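Worksheet: one structure, shown below.
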Amino acid sequence: MVDPDVAIRTLTAPGMAAQFAPELGMVCCSLVHGGEELLELRGGLEAYAERGSTMGIPLLHPWANRLAGPVAASPLLRTDANGMPIHGVLPTALPFAIEHETASSLDAVFATDDHPEVLEVFPYPHRLRVHASLTDDALEIRTTLLALGRRPVPIAFGYHPYLRLPAESRSAVEIEVPAPTRLVLDERGIPTGERIRAAIPPGPLGERVFDDAFADVGDGTAFVVRGSGRTISVTFLEGYRFVQVYSPAESEFIAYEPMTAPTNAITSGDSLTRLRPGDAYSAAFQISVA
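According to the numbering used here, the residues represented by the sequence shown are 2 to 291, in order.
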């Protein structure tokens, strides 16, 4: 069970409200516009806390998606159907402390100095800051990693925003996926190293299903889902060059997942940024509603 004392922080702006649970990896657990929930909450905070069942807008750290390489067995990790560690450590291992808060913004920090157990599976001292800000039509989340210690820190974090489909039928939902390059995946969802041109036509989601990885996303690229008079855009503002698009058959959500590195980059080294001690890496995305 989730501790009833887990604090929920609420940001408000005219027409919008967002909720975060800093003690559970700074997950955004609600985003409401015009009285309607925009996020798919799946099993809710309880399932997220107990077994890492993702929901809302979870931070995936120290890596997004799967790792095929060796990682020390740890109760801090969750695994996929193939036994591969997925989406970094469990949210209870990433408690954030609030540093500054206003009615419409929130600054929170996680540091391995305060929570060294994360170093068991990711042996790179660092500090992670999340700044969330809300306006009357958008939520922006900026994440900044400061490298500590004596050796470069791999940058592979990301997010998994579960957007509820804004219509009762998938055939009534339209999508735009303007990613230029597709990463070819093996049967486990791990990139093979091959990249091909991507050309996903905009239009109805319908029977199309996604669990696909893409690269070469430019700053300002907007991934869109629209229906029932509402358009939701996930704009990659800075620092996210990769995206996983996820919408399984018959699901009531689509996820446009900002990623700082491709799946398995910590193991493969493919397109992996390594941050020198003392340097910082910042990435931001925005969810806007019209």
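Ideal Cβ placement from N, Cα and C applies to all residues, glycine included.
Keep in mind the model is a prediction, meaning the values are calculated, not measured.
Secondary structure of residue i, DSSP reduced to three states
i    : result
V119 : helix
E51  : helix
I9   : coil
S172 : helix
S248 : strand
P92  : helix
G57  : coil
T261 : coil
L184 : strand
S105 : coil
I267 : helix
L46  : helix
D213 : strand
Y125 : coil
S1   : Outside the shown range of the chain (2 to 291) lies residue 1, about which nothing can therefore be said.
L25  : coil
G159 : strand
Check whether residue i and residue j have beta carbons under 8 angstroms apart
i    : j    : result
V72  : V119 : no
F158 : T261 : yes
L68  : P92  : no
R189 : N83  : yes
G35  : G53  : no
L129 : V226 : no
A19  : S31  : yes
I255 : I156 : no
V237 : F215 : Looking at the sequence itself, residue 237 is Phe, so the reference to Val does not match. Not closer than 8 angstroms, so no.
T268 : G70  : yes
D271 : P181 : no
L1   : Q287 : The question about residue 1 has no answer, for the chain in this structure spans 2 to 291.
T113 : H127 : yes
Whole-number beta carbon distance between residue j and residue i, since they are thought to touch under 8 angstroms
i    : j    : result
Y247 : F224 : Contact doesn't hold; Cβ gap of about 12 angstroms is too wide.
D138 : A291 : 7 angstroms
V235 : P162 : 6 angstroms
S170 : E239 : Going by Cβ atoms, the distance from S170 to E239 rounds to 35 angstroms, so no, they are not a contact pair.
S106 : S75  : Wrong, their Cβ atoms sit about 34 angstroms apart, outside the cutoff.
Buried or exposed by the 16-neighbour rule on C-beta atoms within 10 Å, applied to residue i
i    : result
G230 : exposed
P304 : This structure gives no information on residue 304, because the portion of the chain shown stretches from 2 to 291.
S172 : exposed
P26  : Just to set this straight, residue 26 is Gly in the shown sequence, not Pro. Flag for G26 reads buried.
I9   : exposed
G44  : exposed
E251 : exposed
G228 : buried
I197 : exposed
A285 : buried
A94  : buried
R258 : Correcting the residue type first, residue 258 is Glu in the shown sequence and not Arg. Buried.
Within-8 angstroms CB hit, residue i to chain C
i   : result
L12 : No chain C appears in the structure shown, which is made up of a single protein chain.
*Cβ pair count under 8 angstroms reaching 3, the stretch 269–281 against the stretch 140–156*: yes
*Indicate whether the contact test is met: 3 or more Cβ pairs, each with one atom in the stretch 278–291 and one in the stretch 193–208, closer than 8 angstroms.*
no
*How about the stretch 49–61 and the stretch 173–187: do they share at least three Cβ pairs that are nearer than 8 angstroms?*
Contact fails: fewer than three Cβ-Cβ distances are below 8 angstroms.
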